[in-house]
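Chemist: Right, I'll just put the structure down here and ask away after.
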Amino acid sequence: MATRWWHGRRKGSSRRRGASADAAASAGGSADGDACSGLALSGLALSGPALSAAVVPPVATGDPDAGHEAGEVYAAIDLGTNNCRMLIARPEAEGTFRVIDSFSRITRLGEGLSSSGELSQAAQDRTIDALYRCAEKMERRGVTASRKVATEACRRASNGREFLERVYRETGMRLECISAHEEARLALAGCASLLSRQQPYALVFDIGGGSTELLWVKLTDSPFPCVEGFTTLPLGVMTVAEDCGGGDLSLRTYRTVVDHVQTLLQPFELRHHISDHIGQQAGAVQAQMLGTSGTVTTLAGLHLGLSRYDRSLVDGISMGFDDITLLSRGLAAMSHRQRAESPCIGPQRADLVLAGCAILEAICTLWPMGQLTVADRGLREGMLMDLIGLPSARQALTQNHSRAHRDHRDHVSNRKAVV
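Written out as structure tokens, the structure reads:
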């Protein structure tokens, strides 16, 4: 086995959800967060004179308990390395849908995965508890169609298939372990309405718990961005935090992560020459950057000085790279307790946010576009768009399959470099 790239020892933790938290959740409390009373989200309405970067604002909803009204009800579940999240929605006007319920719980399914190669029993138990809650909400809302996907943790774990079989036995849910390529397609479908036609190219990324996906897209006259390239790195906030000895990264370790991520991204840069579109040689900056992840939304909440995280204020805003750097340095100077007490971070993310900042800094340093648009939307919204029949990115990615396949070879090489 090759020498690992980080400094320091791993350390992990295993935290079980207490009965009081389950009781609070069953009573409709805020133990799981992400309580969404209803939100109108645009579909991929990218045609027309411009692609607005403005966020689609929240709208009022009807009775949140009216779960069996006439019409179709759709659900999308995203089971990631760190989170289990769900949206339930109804289609409304053409190109839009209304979220009528949601769920989010940090389950840390991938806890210890980078060292053991498998999903632990405790992590499986926590995750199945969360999926039970999703099943209850889906039944109460009268869901008529759904898609339920698992991502990097189940792709990577030696017992990922066995875990999904256990999920089906115990909850009745059949989860689909999707490829990184499909994960990126869905994330792009969910957030592409935030892209602007003022720049003809865009770098779109999603920093997850166990992996990071990036897409290089071109905005054309077609109704959806043309995907020029795609890659995925086997590094996310949980894997980096665990592999580097925990959440309090030393300055040396932080810089090591930044440098290593940049090294892994170099083949993607060399293949697509992204830098040619952003430097002096390009004249005006021809590319924009769009990020969808807990890392970027957390930084956006801190940037706005929110006393409580508010999705409607975060989704669609832009942050300058200088502000991102200052925020990241400020977080690095905090203790774990101080980060845990921040209303935009909380105790369950306090040990992960610095790892995300390091990955983000690597992306911003390699491609200094100056501004980052923040998306608090992505994979789940993309699944809902597919289910409802709204335009999706499937055709765009299919048309560029050969490029994506070459970039996938880069991803395989990246995995070998990390192991």
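Mapping the sequence shown onto numbering that gives the first Met the number 0, position 152 (from 1) lands on 151, and the numbers just tick up by one. Using N, Cα and C, we set each Cβ at its ideal position, and we do this for glycine too. The structure presented is a predicted model; accordingly, all values stated were derived computationally and were not measured.
What's the gap between the Cα of MET137 and the Cα of ARG146?
Modeler: Taking the straight line joining both Cα atoms gives about 12 Å.
Chemist: State the Cα-Cα distance for the pair PRO199 and GLY315, rounded to the nearest angstrom.
Modeler: Approximately 18 Å between the Cα atoms of the pair.
Chemist: When the Cα atoms are used, what is the spatial distance from ARG125 to LEU218?
Modeler: Approximately 41 Å, taken between the alpha carbons.
Chemist: Which residues share a DSSP beta bridge with ILE76?
Modeler: ILE76 is bridged to MET85, LYS147.
Chemist: Using the Cβ count rule (16 or more neighbours within 10 Å means buried), how would you classify SER115?
Modeler: SER115 comes out exposed.
Chemist: Give the DSSP bridge partners of GLN370, in chain order.
Modeler: BP columns for GLN370 point to GLY319.
Chemist: When DSSP labels each residue in this structure, what does GLY235 get in the three-state scheme?
Modeler: Residue state, collapsed to three classes: coil.
Chemist: Taking the continuous beta strand (DSSP E) assigned at GLY388, which residues delimit it?
Modeler: Note, GLY388: premise wrong, no beta strand (DSSP E); not H, not E.
Chemist: If you count every other CB in all the chains shown that lies within 10 Å of the CB of SER119, and 16 or more means buried, which is it?
Modeler: Buried: at least 16 other Cβ atoms inside 10 Å.
Chemist: Determine the closest residue to SER274 out of TRP366, MET318, GLY70, LEU202, with distance taken between C-alpha atoms.
Modeler: Of the listed residues, the one whose Cα sits closest to SER274 is TRP366.
Chemist: Express the C-alpha separation of HIS276 and GLU164 in angstroms, rounding to a whole number.
Modeler: In a straight line, the C-alpha of GLU164 is about 46 Å away from that of HIS276.
Chemist: Which term fits GLY159, buried or exposed, when burial requires 16 or more other beta carbons within 10 angstroms of its beta carbon?
Modeler: Looking at its Cβ environment, which holds 16 or more other Cβ atoms inside 10 Å, GLY159 is buried.
Chemist: Taking all protein chains shown into account, decide if THR238 is buried (16 or more other Cβ within 10 angstroms of its Cβ) or exposed.
Modeler: Flag for THR238 reads buried.
Chemist: Taking only the alpha-carbon atoms, compute the straight-line gap between LEU396 and ARG336 and give it to the nearest angstrom.
Modeler: Confidence at LEU396 is low in this model, with a pLDDT of 46, below 50, so its placement is unreliable and the value that follows should be read with caution. When rounded, the distance between both Cα atoms is 43 Å.
Chemist: If PHE223 and ALA191 are in contact, beta carbons under 8 Å, what's the gap, nearest whole angstrom?
Modeler: Indeed they touch by this definition, with Cβ atoms about 7 Å apart.
Chemist: Rounded to whole angstroms, what's the CA-CA distance from ALA183 to ARG251? Just pull it up for me.
Modeler: Distance between the alpha carbons of ALA183 and ARG251 is about 31 Å.
Chemist: Report all residues from its chain with a CB closer than 7 Å to the CB of THR170; omit the five preceding and five following residues, and keep chain order.
Modeler: If we look at THR170 and ignore the five residues flanking it on each side, its Cβ neighbours are ILE127, LEU130, TYR131, ALA134.
Chemist: Report, in whole angstroms, the separation of the C-beta atoms of TYR73 and VAL142, which I expect to be a contact under 8 Å.
Modeler: Confirmed, about 7 Å.
Chemist: Using only CA atoms, which one of ASN81, THR95, GLY70, THR80 lies nearest to GLY381?
Modeler: Out of ASN81, THR95, GLY70, THR80, THR95 has the C-alpha closest to the C-alpha of GLY381.
Chemist: Helix, strand or coil: how does DSSP classify LEU214 here?
Modeler: In this structure, LEU214 counts as strand in the three-state DSSP scheme.
Chemist: Apart from the five residues just before and just after GLU360, which ones in its own chain have a Cβ nearer than 8 Å to its Cβ?
Modeler: Result list for GLU360: VAL257, ILE323, THR324, SER327, in chain order.
Chemist: What does a CB cutoff of less than 6 Å around SER113 pick up in its chain, not counting 5 residues either side in sequence?
Modeler: Result list for SER113: THR238, GLU241, ASP242, in chain order.
Chemist: Do you know whose CA, among ILE105, ALA354, THR150, lies nearest ASP247's CA?
Modeler: Considering only alpha carbons, the answer is ALA354.
Chemist: Using only alpha-carbon positions, find the residue among GLY300, THR364, MET172, ARG196 that is nearest to GLN285.
Modeler: Nearest C-alpha to GLN285: ARG196.
Chemist: Going by DSSP, name the residue or residues bridged to GLY290.
Modeler: DSSP lists PHE204, VAL373 as partners of GLY290.
Chemist: Nearest to ASP375 by CA position, among THR297, ILE358, PHE320, is which residue?
Modeler: Minimum Cα distance to ASP375 is reached at THR297.
Chemist: Could you tell me how far apart the beta carbons of GLY319 and GLY369 are, in whole angstroms, since I believe they sit closer than 8 Å?
Modeler: Right, their Cβ atoms sit about 7 Å apart.
Chemist: Taking all protein chains shown into account, decide if PRO233 is buried (16 or more other Cβ within 10 angstroms of its Cβ) or exposed.
Modeler: PRO233 comes out buried.
Chemist: Rounded to the nearest angstrom, what separates GLY79 and GLY244 at their Cα positions?
Modeler: Those two C-alpha atoms are separated by around 21 Å.
Chemist: Taking DSSP's pairing of strands, which residues face ARG338 in a bridge?
Modeler: DSSP, once it has assigned bridges, lists no residue as partnering ARG338.
Chemist: Pick out the complete alpha helix (DSSP H) segments inside the region 121-179, 4 residues or longer, and give them in chain order.
Modeler: Counting only runs of 4 or more, we get 151-155, 159-170.
Chemist: In three-state terms, what does DSSP make of PRO90?
Modeler: PRO90: strand per DSSP, three-state reduction.
Chemist: Quick one: give me the first and last residue of the alpha helix (DSSP H) that VAL313 is part of.
Modeler: Segment 310-313, the alpha helix (DSSP H) holding VAL313.
Chemist: Under 7 Å Cβ to Cβ from LEU330, same chain only, skipping five residues before and after it: list those, please.
Modeler: Same-chain partners within the cutoff: ARG338, VAL352, LEU353, CYS356.
Chemist: In this structure, does DSSP put SER103 in helix, strand or coil?
Modeler: Correct three-state label for SER103: strand.
Chemist: Within its chain, find whatever has a CB closer than 6 Å to the CB of VAL295; leave out the 5 residues flanking it on each side and keep chain order.
Modeler: If we look at VAL295 and ignore the five residues flanking it on each side, its Cβ neighbours are VAL373.
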